[in-house]
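Below is one structure; the comments refer to it alone.
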Amino acid sequence: MSACIRLLETQRSLERRCTDFCDSLHPERTVQLADLVSDPAAPQKLGIDHWFDQNLFRRRIRSGWQFLTGLPGELPRKVPLVFYQRTDPEEDRLEFARRFEFRNFRRRFASAPAEASYLMPFTNFSAGLAGTKEDRDRRIMPLMKFSSRVSLTSADARCAEELQDTCVFGYPAYDLPTVLGVSGSVATDYMAREIVHDLGHAWLPPVVHDAEPIHDAIMVRAMKASPLRTYRDDWERIVHLECTSPIFFATGMPLLESYMSQGQHDDHALFLAEMLVEHLRKTAGPKQRLALWTLPQQQVGRSVEHRVNLIMDTVIERGFARYGNQVELH
Numbered sequence: 004m005s006a007c008i009r010l011l012e013t014q015r016s017l018e019r020r021c022t023d024f025c026d027s028l029h030p031e032r033t034v035q036l037a038d039l040v041s042d043p044a045a046p047q048k049l050g051i052d053h054w055f056d057q058n059l060f061r062r063r064i065r066s067g068w069q070f071l072t073g074l075p076g077e078l079p080r081k082v083p084l085v086f087y088q089r090t091d092p093e094e095d096r097l098e099f100a101r102r103f104e105f106r107n108f109r110r111r112f113a114s115a116p117a118e119a120s121y122l123m124p125f126t127n128f129s130a131g132l133a134g135t136k137e138d139r140d141r142r143i144m145p146l147m148k149f150s151s152r153v154s155l156t157s158a159d160a161r162c163a164e165e166l167q168d169t170c171v172f173g174y175p176a177y178d179l180p181t182v183l184g185v186s187g188s189v190a191t192d193y194m195a196r197e198i199v200h201d202l203g204h205a206w207l208p209p210v211v212h213d214a215e216p217i218h219d220a221i222m223v224r225a226m227k228a229s230p231l232r233t234y235r236d237d238w239e240r241i242v243h244l245e246c247t248s249p250i251f252f253a254t255g256m257p258l259l260e261s262y263m264s265q266g267q268h269d270d271h272a273l274f275l276a277e278m279l280v281e282h283l284r285k286t287a288g289p290k291q292r293l294a295l296w297t298l299p300q301q302q303v304g305r306s307v308e309h310r311v312n313l314i315m316d317t318v319i320e321r322g323f324a325r326y327g328n329q330v331e332l333h
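Just add 3 to the spot in the sequence shown (first one is 1) and you have the numbering used here.
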């Protein structure tokens with residue numbers, strides 16, 4: 004049985020376990036992961052059919068899931084129920100305007116579209132949903148994602164009680180190519196990377212924040228994506244490398260600095276480039292590289308790709324036992 008079929012069967016089983024919750028989601032906006040992977044009509048329901056590559060998405064999800072289910076040893080092996088919802092541009096605009104009242108947000112997002120808040124470095128997860136169970140119109144909060152794993156407030160408790168111990172992730176579906184300034188195939192890889200990344204978080208042991216580069220690199224490699232033959236510009240190449248290359252954390256900064264030094268970029272493009280620069284500095288800066296990517300002396304002269312692969316292989320071979328601590332290779 005293929006990894007994709009196993010994942011579909013698991014998702015369907017979780018849907019049956021959480022029938023009341025699934026039935027409470029807005030029917031016109033919601034598509035379950037199992038349908039997005041298998042139903043040709045699902046992308047149209049989400050409003051992404053003009054750019055979404057379903058076959059490519061399915062291949063990436065299959066590769067990531069095959070990697071996770073093939074790992075030996077004692078692991079949490081938690082499987083989340085995953086759904087997607089079509090966003091409402093007007094709801095996003097109103098929430099963006101509300102956040103814009105805050106000085107730090109205004110300074111950071113002055114040249115960004117509202118939907119940029121959905122991108123991986125920015126989005127917060129909420130354990131609450133708009134709408135009600137009784138009206139069956141529950142929706143992911145504007146400019147947020149849904150996760151039953153985040154800390155709960157009293158307002159979120161009812162939803163958590165329905166799900167009990169089931170892990171659930173909900174993702175927004177929006178015009179990702181326009182927000183990122185890339186083609187549909189690159190946007191599809193970006194979208195797949197996000198879910199593969201989070202499937203890994205559910206399946207594998209908890210990872211401390213400073214070890215996120217290890218987790219991200221492992222899950223990106225698991226997708227088995229390859230560079231495109233051609234890109235329409237340097238920016239699209241950078242975005243695709245960021246979501247498909249496990250060594251981007253170590254090689255991306257010079258690419259970004261070179262791109263930004265070229266000039267003649269509009270404000271939106273500069274915002275996105277600065278977003279990636281900030282993300283790299285936070286998750287894979289000098290402090291994290293020194294602490295988490297330590298190599299024995301005989302490996303120092305090897306290529307970046309060789310060293311990163313060696314570290315990932317070592318983490319995997321040790322059963323992720325020190326996933327949140329320094330990786331020492333001897």
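Don't be surprised by glycine CBs; every beta carbon is placed ideally from N, CA and C.
DSSP state of ALA133 mapped onto helix, strand, coil
As a first step, residue 133 must be located in the sequence shown, where it is residue number 130. Here DSSP, grouped into helix, strand and coil, assigns ALA133 to strand.
Pull the bridge partners of LEU171 from the DSSP assignment, please.
Counting from 1 along the sequence shown, the entry for residue 171 is found at position 168. As written in the sequence, residue 171 is Val, which differs from the Leu given in the question. DSSP lists LEU84 as the bridge partner or partners of VAL171.
So is THR135 buried or exposed if we call it buried at 16+ other beta carbons inside 10 Å?
Stepping through the sequence shown from its first residue, residue 135 is reached at position 132. Exposed is the call here.
If THR191 sits next to ASP56, beta carbons under 8 Å apart, how far is it from one beta carbon to the other, in whole angstroms?
One-based indexing of the sequence shown puts residue 191 at position 188. One-based indexing of the sequence shown puts residue 56 at position 53. Rounded, the Cβ-Cβ distance is 4 Å, consistent with contact.
Can you tell me whether DSSP reads VAL280 as helix, strand or coil?
On the sequence shown, position 277 is the one that residue 280 refers to. Reduced to three states, the DSSP call for VAL280 is helix.
Could you pull the DSSP bridge partners for PHE149 from this structure?
Numbered from its first residue, the sequence shown carries residue 149 at position 146. In DSSP, PHE149 forms a bridge with SER129 and GLY173.
On the CB-based measure, 16 or more other CB atoms within 10 Å of its CB, does GLY203 come out buried or exposed?
Along the sequence shown, read from residue 1 onward, the residue named residue 203 stands at position 200. It counts as buried.
If we define contact as Cβ-Cβ less than 8 Å, is VAL185 a contact residue for chain D?
Going by chain labels, chain D is absent from the structure shown, which holds only one protein chain.
Counted within 10 angstroms of its Cβ, other Cβ atoms place ASP236 as buried (16 or more) or exposed
Counting from one through the sequence shown, the residue named residue 236 turns up at place 233. ASP236 comes out exposed.
Segment contact flag, the stretch 56-70 with the stretch 108-120, C-beta cutoff 8 Å, min 3 pairs:
No: fewer than three Cβ pairs fall under 8 Å.
Under 8 Å between the Cβ atoms of PHE86 and THR33?
Locating residue 86 in the sequence shown gives position 83, where the first residue counts as 1. Locating residue 33 in the sequence shown gives position 30, where the first residue counts as 1. It is a contact, given that the beta carbons lie within the stated cut-off.
Compute the Euclidean distance between the alpha carbons of ARG89 and ALA133, then round it to the nearest angstrom.
In the sequence shown, the residue the question calls residue 89 occupies position 86. In the sequence shown, the residue the question calls residue 133 occupies position 130. Cα to Cα, ARG89 sits roughly 14 Å from ALA133.
In chain order, what residues of the same chain lie with their CB nearer than 8 Å to the CB of LEU293, ignoring the 5 residues before and after it?
Taking the sequence shown and counting its residues from 1, the one referred to as residue 293 is at position 290. Any reading at LEU293 needs caution, since the residue's pLDDT is 42, under 50, leaving its predicted position unreliable; the model's value is listed next. Taking LEU293 as the centre and dropping the five residues before and after it, the same chain places no C-beta closer than 8 Å to its C-beta.
If we ignore side chains and look at the alpha-carbon of each, how far apart do ILE319 and HIS29 end up?
The residue labelled residue 319 in the question sits at position 316 within the sequence shown. The residue labelled residue 29 in the question sits at position 26 within the sequence shown. Straight-line measurement puts the Cα of HIS29 at about 39 Å from the Cα of ILE319.
Can you list, in chain order, the residues of its chain whose CB lies under 6 Å from that of VAL185, leaving out five sequence neighbours each side?
For this step, residue 185 is matched to residue 182 along the sequence shown. Sequence-distant Cβ neighbours of VAL185 in its own chain, meaning closer than 6 Å and more than five residues away, are GLU239 and VAL242.
Just to confirm my understanding: we take SER16, look at its own chain, exclude 5 residues before and 5 after, and list those with CB closer than 6 Å. What are they?
Walking along the sequence shown from the start, residue 16 turns up at place 13. Correct list: empty, nothing qualifies.
Same chain, Cβ closer than 7 Å to ASP38, five either side skipped, listed in chain order:
Within the sequence shown, the letter at position 35 stands for residue 38. Excluding sequence positions up to five before and after ASP38, its CB lies within less than 7 Å of the CB of ALA45, all in the same chain and listed in chain order.
Report the residue ranges of all alpha helix (DSSP H) runs contained in full by the stretch 95-123; include only those spanning at least 4 residues, in chain order.
Within the stretch 95-123, the runs of alpha helix (DSSP H) at least 4 residues long that lie entirely inside it are, in chain order, 106-111.
Among PRO43, LEU11, PHE323 and PRO249, which has the Cα closest to the Cα of HIS309?
To locate residue 309, count along the sequence shown from 1; it is residue 306. It is PRO249 whose Cα lies nearest to the Cα of HIS309.
Report yes or no: do the stretch 123-130 and the stretch 248-268 share at least 3 C-beta pairs separated by less than 8 Å?
Contact between the stretch 123-130 and the stretch 248-268 is absent, because fewer than three Cβ pairs lie under 8 Å.
Let me know if GLN35 comes out buried or exposed under the rule of 16 or more other beta-carbons within 10 Å of its beta-carbon.
As a working mapping, residue 35 is identified with position 32 in the sequence shown. The residue is buried, with at least 16 neighbouring Cβ atoms inside 10 Å.
Reduced DSSP category for LYS290 - H, G, I as helix; E, B as strand; rest coil:
The residue you call residue 290 lines up with position 287 of the sequence shown. With a pLDDT of 47 at LYS290, under the threshold of 50, the modelled position of that residue is not reliable, and the figure given next carries that caveat. If DSSP states are grouped into helix, strand and coil, LYS290 belongs with the helices.
Classify PHE24 as buried or exposed, calling it buried when 16 or more other Cβ atoms lie within 10 Å of its own Cβ.
Position 21 of the sequence shown, counting from 1, holds the residue named residue 24. Taking every protein chain shown into account, the CB of PHE24 has 16 or more other CB atoms within 10 angstroms, so this residue is buried.
Between the C-alpha atoms of PRO257 and MET263, what's the straight-line distance to the nearest angstrom?
Counting from one through the sequence shown, the residue named residue 257 turns up at place 254. Counting from one through the sequence shown, the residue named residue 263 turns up at place 260. C-alpha separation (whole angstroms): 10 Å.
C-alpha distance - ASP95 paired with GLU118, whole-angstrom precision
Here the question's residue 95 lines up with position 92 in the sequence shown. Here the question's residue 118 lines up with position 115 in the sequence shown. Whole-angstrom Cα-Cα distance: 7 Å.
When you compare only the Cα positions, how much space is there between ARG139 and ASP26?
As a first step, residue 139 is located in the sequence shown; it is residue number 136 there, counting from the start. As a first step, residue 26 is located in the sequence shown; it is residue number 23 there, counting from the start. So the two alpha carbons sit approximately 7 Å from each other.
So, helix, strand or coil for ARG142, using DSSP?
Against the sequence shown, residue 142 aligns to sequence position 139. In this structure, ARG142 counts as strand in the three-state DSSP scheme.
Residues in its own chain within less than 6 Å of LEU244 by CB, not counting five upstream and five downstream?
Here the question's residue 244 lines up with position 241 in the sequence shown. Cβ within range, chain order: PHE251.
Where ARG89 falls: helix, strand or coil (DSSP)
Counting from one through the sequence shown, the residue named residue 89 turns up at place 86. Collapsing the DSSP output to three states places ARG89 in a strand.
Once the 5 residues before and after SER120 are set aside, which same chain residues still bring their CB inside 6 Å of it?
Within the sequence shown, the letter at position 117 stands for residue 120. The residues are LEU146.
Exposure label - SER5; buried when at least 16 CB within 10 Å
Here residue 5 refers to the residue found at position 2 when the sequence shown is read from its first residue. Exposed, because fewer than 16 other Cβ atoms sit within 10 Å of the Cβ of SER5.
Mind reading off the beta-carbon distance from TYR174 to LYS148? Whole number of angstroms is fine, and I expect it under 8 Å.
Taking the sequence shown and counting its residues from 1, one reaches residue 174 at position 171. Taking the sequence shown and counting its residues from 1, one reaches residue 148 at position 145. Right, their Cβ atoms sit about 6 Å apart.
What are the start and end residues of the beta strand (DSSP E) that includes GLN35?
Here residue 35 is taken as the residue at index 32 of the sequence shown, counted from 1. That run of the beta strand (DSSP E) goes 33-35.
Assuming ASP2 is part of the alpha helix (DSSP H), what are its boundary residues?
Summary: the structure shown does not reach residue 2, with the chain confined to residues 4 through 333, and so no result is reported for it.
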